[in-house]
Amino acid sequence: FGAFGWTNNNSYVASVGSCYEFIKVSPPPPDEFANFNGTDAYIQLLPGTDQLSEPWKIEADLFIRELNNNYICSNTGNANSYLALRDNHLYWGNNRFPLSPTYPLNQWFHLKVTFDWDFAGNFVRCWIDGGIAGFEQQPNLSKSFNRLGVYTFPVPNRFGDFDMKNLTMMEGGPSSPIVRLDMPMEINACSLDPLLIKGTTFNMSLPSCP
8 FGAFGWTNNN SYVASVGSCY EFIKVSPPPP DEFANFNGTD AYIQLLPGTD QLSEPWKIEA
68 DLFIRELNNN YICSNTGNAN SYLALRDNHL YWGNNRFPLS PTYPLNQWFH LKVTFDWDFA
128 GNFVRCWIDG GIAGFEQQPN LSKSFNRLGV YTFPVPNRFG DFDMKNLTMM EGGPSSPIVR
188 LDMPMEINAC SLDPLLIKGT TFNMSLPSCP
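To convert, take the position in the sequence shown, counting from 1, and add 7; that gives our numbering.
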């Protein structure tokens with residue numbers, strides 16, 4: 008194509024290339040978090056995380072759309088091994104305690120749940136956005152997990168309706184923390200090195216760990 012100008016017959020022409028820039032269109036990126044749709048979406052951890060020894064700490068960033076059935080993590084073979092937010096309560100296996108302030112809906116917030124991490128005495132504690140929201144004294148329970156976003160024991164499956172990223176599970180205490188799971192979930196369902204825990208996603212746009 009030529010530049011702007013007049014031709015010999017006095018008609019004005021313009022170069023298409025000089026008027027437009029051709030932009031390469033790329034497919035949209037995947038969600039930069041795990042989107043659990045409340046119907047059939049979940050993440051299978053392969054291999055499953057190790058059993059957490061006390062003291063322990065679990066943290067995650069969450070975007071919750073309803074009060075119930077927010078199953079953060081669970082084990083397919085152990086009814087007492089799950090962590091959930093339901094009915095303005097923190098559920099840890101068969102135990103629960105009320106949260107005040109409770110978790111907000113339809114906005115991102117940071118959740119931290121600990122057992123004897125900062126304070127001894129067999130206490131489970133919950134923080135919402137850095138503020139203490141509830142605590143209860145109870146014995147330590149089973150804590151091995153192999154699924155995220157769904158409670159699978161007993162059947163039928165109950166799926167969570169929330170988004171999650173930056174999930175970490177640690178043990179050992181503040182002075183000597185040991186990372187058991189560190190899964191950003193902003194690119195795929197891989198845990199960071201050197202853990203190499205692979206997650207397989209089901210029914211969500213976040214890719215599985217290659």
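All residues carry an ideal CB built from backbone N, CA and C; glycine is no exception.
Fair warning: this is a prediction, and the values are worked out from it, not measured in the lab.
Pick from the options: whose alpha carbon is nearest that of residue i?
{"i": "Leu199", "options": "Pro214, Asn164, Thr175 and Glu66", "result": "Thr175"}
{"i": "Ala91", "options": "Val186, Leu203, Leu213 and Arg154", "result": "Arg154"}
{"i": "Leu3", "options": "Pro62, Ala140 and Gly128", "result": "Since the first and last residues shown for the chain are 8 and 217, residue 3 lies out of range."}
How about residue i and residue j: are their beta carbons less than 9 Å apart?
{"i": "Val162", "j": "Ser81", "result": "no"}
{"i": "Gln145", "j": "Trp99", "result": "yes"}
{"i": "Ile204", "j": "Pro111", "result": "no"}
{"i": "Gly84", "j": "Phe160", "result": "yes"}
{"i": "Ala48", "j": "Met211", "result": "yes"}
Helix, strand or coil for residue i per DSSP?
{"i": "Tyr110", "result": "coil"}
{"i": "Leu59", "result": "coil"}
{"i": "Met192", "result": "coil"}
{"i": "Gly231", "result": "Since the first residue of the chain shown is 8 and the last is 217, residue 231 is not available in this structure."}
{"i": "Cys197", "result": "strand"}
{"i": "Met176", "result": "strand"}
{"i": "Gly206", "result": "strand"}
DSSP puts residue i in a beta bridge; with which residues?
{"i": "Trp99", "result": "Leu90 and Asn102"}
{"i": "Ile135", "result": "Leu118 and Gly138"}
Considering only residues of the same chain and omitting the five flanking positions on each side of residue i, which have a CB-CB separation below 7 Å?
{"i": "Ala67", "result": "Ile79, Leu118, Met171, Asn173 and Leu174"}
{"i": "Glu193", "result": "Glu39, Phe40 and Lys172"}
{"i": "Asn77", "result": "Ile71, Ala91, Leu92, Arg93, Gly167 and Phe169"}
What residues in its chain sit with their C-beta under 8 Å from that of residue i, if we drop five residues either side in the sequence?
{"i": "Asn113", "result": "Phe70, Ile71 and Arg72"}
With a threshold of 6 Å on Cβ separation, who are the neighbours of residue i within its own chain once the five nearest residues in sequence on each side are excluded?
{"i": "Ala86", "result": "Phe160"}
{"i": "Val45", "result": "In the sequence as displayed, the identity of residue 45 is Gly instead of Val. Same-chain partners within the cutoff: Phe166 and Asp168."}
Looking at residue i and the ligand ATP, is the gap between the Cβ and the nearest heavy atom below 8 Å?
{"i": "Phe152", "result": "You won't find the ligand ATP in this model; it holds no ligand whatsoever."}
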